[in-house]
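Colleague: Here it is: the structure, laid out below.
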Amino acid sequence: MSADFQSDSLKSVGKLLAKEREERGLSVDDVAERTRIPRRYLLAIEDGKSEYLPEPVYVRAFIRKYSDLVDLDGAALLKELQPPPPAEAPAVTPTPIERASASLTKPTLRPFHAWLLYGALVLVAAGGFSYLQRAQQPPLTARPPAPAPVVKKPAPAAKKTPSAPPVRQASPTAIKPAPVVTAPAATPESTPSLLTASTPLQTTDSVAALPKGLQMQIALKERSWVRVVADGRKAFEGELPQGTKRDWQAQKQLSVRAGNAGGVLLTLNDQSLGQMGKSGEVVERVFRQGP
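Numbering (UniProt numbering), first residue to last: 1 to 291.
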């Protein structure tokens with residue numbers, strides 16, 4: 001609680017309230033129940049312990065309720081708690097301070113000082129003029145560096161691409177009239193050394209003229225790409241899986257080209273011709289009706 005109440009005044013008021021309470025046979029708990037004032041605050045008021053009390057506005061309300069309960073004049077008790085007015089301080093008469101009159105003399109410039117001031121003014125004027133001259137001059141622009149000469153590199157000479165080796169053309173083999181006579185398939189010994197997988201080996205076979213023309217059966221023991229041309233028209237082109245058997249017919253000419261010659265078996269007019277070539281070779285066989 002603030003120092004609005006004097007400790008001695010609060011103790012005297014508290015003793016008076018406690019005395020009246022005891023004369024009426026009331027306990028502190030009875031007063032707390034009737035006035036709704038917390039018991040700890042009632043004990044602090046009776047003991048004069050201001051440090052345990054709330055703000056003065058609440059303490060005044062507590063004392064007024066307590067006084068009404070024990071038939072005391074609460075207003076009179078509150079007046080006793082008011083602190084005495086502060087003593088008036090004696091008036092202090094200001095004593096005028098005498099100011100010492102000092103004779104102020106204006107500074108006088110000596111000839112040497114005048115020359116220094118004049119020289120400084122001249123230097124400032126010269127510096128300002130030089131600054132204005134530099135400000136009026138156009139700024140110098142730096143010339144861009146000359147571009148370095150471009151040296152053209154000679155274009156690399158085009159590499160010569162070797163021409164593909166000519167397709168080996170087997171000479172026609174005359175076949176005497178027979179049920180079916182065909183030329184033997186190309187053997188590994190007869191394959192030219194320049195032959196590669198991308199260069200087909202072409203063989204032309206002449207077959208005796210038969211009324212039924214050319215009947216070709218193709219059987220695959222390995223997967224291979226196959227193209228069949230019958231009488232100048234493409235009859236088939238594509239990849240055939242292992243185990244496939246296909247038949248084609250032609251009247252005058254029939255050609256078979258395989259990307260995996262070792263995996264393709266040919267049968268012409270019921271006559272087995274065996275496999276077309278080595279495994280992985282590209283071989284083309286052409287069959288024509290003889291005279």
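Glycine is no exception: its CB is placed at the ideal position from the N, C-alpha and C atoms.
(1) Residues in the same chain with beta-carbon distance under 7 Å from glutamine 217, minus the five sequence neighbours each way, listed in chain order, please.
(2) Taking the C-alpha atoms as reference points, what is the distance between aspartate 68 and glutamate 51?
(3) Three or more beta-carbon pairs under 8 Å between the region 28 to 40 and the region 58 to 74, yes or no?
(4) Of all the options Ala61, Val13, Val226 and Arg21, which has the alpha carbon lying nearest to the alpha carbon of valine 264?
(5) Helix, strand or coil for glutamate 281? Go by DSSP, reduced to three states.
(6) Starting from the Cα of lysine 252, find the closest Cα among Asp270, Val124 and Gln215 and give me that residue.
(7) Count the other CB atoms, across all protein chains shown, that sit within 10 Å of the CB of glutamate 239; report buried if there are 16 or more and exposed otherwise.
(8) In three-state terms, what does DSSP make of valine 70?
(9) Mind checking who phenylalanine 236 pairs with in its DSSP beta bridge?
(10) Would leucine 123 be called buried (16 or more neighbouring beta carbons within 10 Å of its own) or exposed?
(11) Under the assumption that glutamate 237 contacts alanine 261 (Cβ atoms under 8 Å), give the Cβ distance between them as a whole number of angstroms.
(12) What first and last residue would you give for the alpha helix (DSSP H) that runs through serine 7?
(13) If you drop the 5 nearest sequence neighbours on each side, which residues of the same chain put their C-beta closer than 6 Å to that of valine 59?
(14) Tell me which residues share the same chain as serine 7 and place their Cβ nearer than 8 Å to its Cβ, disregarding the 5 neighbours each side in the sequence.
(15) Use the C-beta contact count for leucine 42: other C-beta atoms within 10 angstroms, 16 or more gives buried, fewer gives exposed.
(16) What three-state label does DSSP hand isoleucine 37 in the structure shown?
(17) Confirm, please, whether the CB-CB distance from glutamate 55 to residue 309 is below 7 Å.
(18) Which partner residues of glutamine 253 appear in the DSSP bridge assignment?
(19) Does DSSP put glycine 274 in a helix, a strand or coil?
Modeller: Straight from the coordinates:
(1) Lys245, Asp247 and Thr267
(2) 24 Å
(3) yes
(4) Val226
(5) coil
(6) Gln215
(7) exposed
(8) coil
(9) Val228
(10) exposed
(11) 16 Å between Cβ atoms; not a contact.
(12) 7 to 23
(13) Leu53
(14) Gly48 and Ser50
(15) buried
(16) coil
(17) Residue 309 lies beyond the stretch modelled for the chain, which goes from 1 to 291, so this question has no answer here.
(18) Arg288
(19) strand
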